[in-house]
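Colleague: Here it is, the structure in full.
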Amino acid sequence: PPPKPVVPTPPPPVPTPRVAKPAPQPRPTPVRAPEPTPAPIVNAEDAPNAPVVRPPVATPVSAAPAAPAPSAAPATPRMELPSSNAAYLKNPSPAYPSISKRMGEQGKVLLRVLISAEGLPEQVEIKQSSGYERLDRQAHDTVLRWRFVPGKRNGTPEAMWYLVPINFVLE
Numbered sequence: 253p254p255p256k257p258v259v260p261t262p263p264p265p266v267p268t269p270r271v272a273k274p275a276p277q278p279r280p281t282p283v284r285a286p287e288p289t290p291a292p293i294v295n296a297e298d299a300p301n302a303p304v305v306r307p308p309v310a311t312p313v314s315a316a317p318a319a320p321a322p323s324a325a326p327a328t329p330r331m332e333l334p335s336s337n338a339a340y341l342k343n344p345s346p347a348y349p350s351i352s353k354r355m356g357e358q359g360k361v362l363l364r365v366l367i368s369a370e371g372l373p374e375q376v377e378i379k380q381s382s383g384y385e386r387l388d389r390q391a392h393d394t395v396l397r398w399r400f401v402p403g404k405r406n407g408t409p410e411a412m413w414y415l416v417p418i419n420f421v422l423e
């Protein structure tokens, strides 16, 4: 008779060790930054400016265990934002460059301005270009000559960053 084929027997199953799951850790609650308000739009011919304040950046929450919460929350500091709308400031509207008018150039320039505690623009940066260097330069140079009512924290003037949108629109 023919020999019987040898069928290997499967090895016995290896038991998997059970690992105890660690107790769930409490998750820290994330801090949400305030929703930014949209910047108003200013036509170069109509209004001299329409500043907008950039919202403060939220600091990240650490993963350290939380301390017990105090019974009374501390009072938040009172903050007054910078302004360039005061009538006595007489900030000039940026002049529309004549070559830009002839070439049909128009657009919005968004400037980021550091206003000193004295109300002077210390730094002016182009945050968003109009797409035309002449318009960007005109907005930048004009805002450098402006005066602002400085922002205040708890009644004390303080340097603050400020967003200033300027629209160049052909009519």
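Throughout the sequence shown, residue numbering follows our numbering, covering 253 to 423 in sequence.
All C-beta atoms in this analysis are idealised placements derived from N, C-alpha and C, irrespective of residue type, glycine included.
Measuring CB atoms only, is the segment 381-400 touching the segment 357-368, in the sense that at least three cross pairs come out at less than 8 Å?
Modeller: Flag = yes, the segment 381-400 and the segment 357-368 touch.
Colleague: For residue 358, which three-state DSSP category applies?
Modeller: Three-state DSSP puts residue 358 in coil, outside helix and strand.
Colleague: Could you check what DSSP says for residue 374 in three-state terms: helix, strand or coil?
Modeller: The answer is strand: DSSP assigns residue 374 an E or B state.
Colleague: Given residue 473, which residues of its chain have a CB within under 7 Å of its CB, disregarding the five upstream and five downstream residues?
Modeller: Shown here, the chain extends from 253 to 423; a query on residue 473 therefore has no answer.
Colleague: My guess is that residue 371 and residue 402 are in contact by the Cβ rule of under 8 Å, so how many angstroms apart are they, rounded?
Modeller: About 5 Å separates the two Cβ atoms, so the contact holds.
Colleague: State yes or no: is the C-beta of residue 356 within less than 8 Å of the C-beta of residue 382?
Modeller: Cβ distance not < 8 Å, so residue 356 and residue 382 don't count as in contact.
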